[in-house]
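Here's the structure we're looking at; comments come further down.
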Amino acid sequence: MAWSTRQLAGLTDVTVKAIRHYHEIGLLDEPERTANGYKQYKVSHLIRLLQIKRLRDLGVTLSQIAAMERADEEPDEAIRLLDAELAATVERLNRVRAELAVILRHRAPMHVPPAFAPLSRKLSDTHQSLLMVYSAVFSDEGMEKFREVIAEDNDIQDELEALPPDADEAAIERLAARMAPVIRRSREKHPWLNDLVEDSPLGPELAGNTMAHAVVEFYNPAQIRVMQRVNVILEQETDTQDDDAAGADAANAPRANVSVSEER
Numbered sequence: 349m350a351w352s353t354r355q356l357a358g359l360t361d362v363t364v365k366a367i368r369h370y371h372e373i374g375l376l377d378e379p380e381r382t383a384n385g386y387k388q389y390k391v392s393h394l395i396r397l398l399q400i401k402r403l404r405d406l407g408v409t410l411s412q413i414a415a416m417e418r419a420d421e422e423p424d425e426a427i428r429l430l431d432a433e434l435a436a437t438v439e440r441l442n443r444v445r446a447e448l449a450v451i452l453r454h455r456a457p458m459h460v461p462p463a464f465a466p467l468s469r470k471l472s473d474t475h476q477s478l479l480m481v482y483s484a485v486f487s488d489e490g491m492e493k494f495r496e497v498i499a500e501d502n503d504i505q506d507e508l509e510a511l512p513p514d515a516d517e518a519a520i521e522r523l524a525a526r527m528a529p530v531i532r533r534s535r536e537k538h539p540w541l542n543d544l545v546e547d548s549p550l551g552p553e554l555a556g557n558t559m560a561h562a563v564v565e566f567y568n569p570a571q572i573r574v575m576q577r578v579n580v581i582l583e584q585e586t587d588t589q590d591d592d593a594a595g596a597d598a599a600n601a602p603r604a605n606v607s608v609s610e611e612r
């Protein structure tokens, strides 16, 4: 009994294209041909093709099937390896399903990191785009900390995003003056904001450059001027505090000496 390629495909519910591919990669031996060139598949080919199909139904890749054949001396080890790989695949798929459930529940865009899905409806397109950049720059711990910051109400951020590119210096200065104390309080509450990229998996230099490019891409010149001005204001406040602290230390120094002298 012999079958043509099309007949063998019908017997095994495998496409003719797949059978030809199995020949090309060496998983299925080429059959003998008749005088007029037609392939003649035998029972051995049928059995081999059913074996391949069975393994494919179990989720085994073609490369894994070939590897398992090379591991005939230790088939149990090959099966255990395959089982571990399938377990990892199942875990990944379950994680994806859980993330999709969160996205559906909050009607969040699919590209938003799952932890931010509950907040996605309050995030602007700019913030959503920045989140994608941050997810590549921040560590997992950094992303969780940033989520806490985003969760806090911050109307001043909406003002910044509403600032037109042709805003004059007076408008920039007013917004920066309003933003500075908000940013200062946020940094005091979340000290890690003072060095966002310190623990970045990319390293501080590459992470910092990436964030700088993202800011230039997503904010207009007036908005960038506001952020620069805010940084200047905060730096000036820090310098003033340092000067006051130094002055206080100098003023207290003589009193300390007198106190010590009097005790003696």
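Following the working numbering, the numbering of the sequence shown begins with 349 at its first residue and continues without gaps. Here a beta-carbon is modelled for each residue, glycine too, at the ideal position from N, C-alpha and C. None of these values were measured; they are calculated from a predicted model.
Legend entry - contact_flag[the segment 381 to 393, the segment 407 to 417] where n(CB pairs < 8 Å) is 3 or more: Of all C-beta pairs linking the segment 381 to 393 to the segment 407 to 417, fewer than three are shorter than 8 Å, placing the two stretches out of contact.
Inset, instruction - For Ser534, count neighbouring C-beta atoms within 10 Å of its own C-beta (all shown protein chains included) and say buried if the count is 16 or more, exposed if not. - result: exposed
Inset, instruction - Would you kindly work out how many angstroms separate the C-alpha atoms of Gln355 and Thr558, rounded to a whole number? - result: 58 Å
Inset, instruction - Please confirm if the segment 397 to 405 is in contact with the segment 355 to 365, defined as three or more CB-CB distances below 8 Å between the two stretches. - result: yes
Legend entry - Pairwise C-alpha distance: Asp547 and Pro461: The straight-line gap from Cα to Cα measures roughly 19 Å.
Legend entry - Beta-carbon spacing of Leu478, Ala562 below 9 Å: yes
Inset, instruction - Please list, in chain order, all residues of the same chain as Leu376 whose beta carbon is under 8 Å from its beta carbon, the five residues on each side excluded. - result: Ile367, Tyr370, His393, Arg396, Leu397, Ile400
Inset, instruction - Going by CA-CA distance only, name the one from Lys390, Glu492, Glu425, Ala560 that's closest to Phe464. - result: Glu492
Inset, instruction - For Trp351, collect the residues of the same chain with a Cβ closer than 6 Å to its Cβ; drop the 5 residues on either side in sequence, then sort them by chain order. - result: Tyr389
Inset, instruction - Put Ala357 into one of helix, strand or coil per three-state DSSP. - result: helix
Legend entry - Backbone CA spacing between Ala524 and Gln505 [nearest angstrom]: Approximately 11 Å between the Cα atoms of the pair.
Inset, instruction - Determine, using beta carbons only, whether Val578 and Ile531 come nearer to each other than 9 Å. - result: Yes, they are a contact pair.
Legend entry - Three-state class that DSSP yields for Pro602 in the structure shown: Note that Pro602 has pLDDT 47, beneath the 50 cutoff, so the model's placement of it is unreliable and the number below is only indicative. The answer is helix: DSSP assigns Pro602 an H, G or I state.
Inset, instruction - Return yes when the Cβ of His475 is within less than 9 Å of the Cβ of Pro466, no when it is not. - result: no
Inset, instruction - Please name the residue or residues paired with Tyr389 in a DSSP beta bridge. - result: DSSP lists Trp351 as partners of Tyr389.
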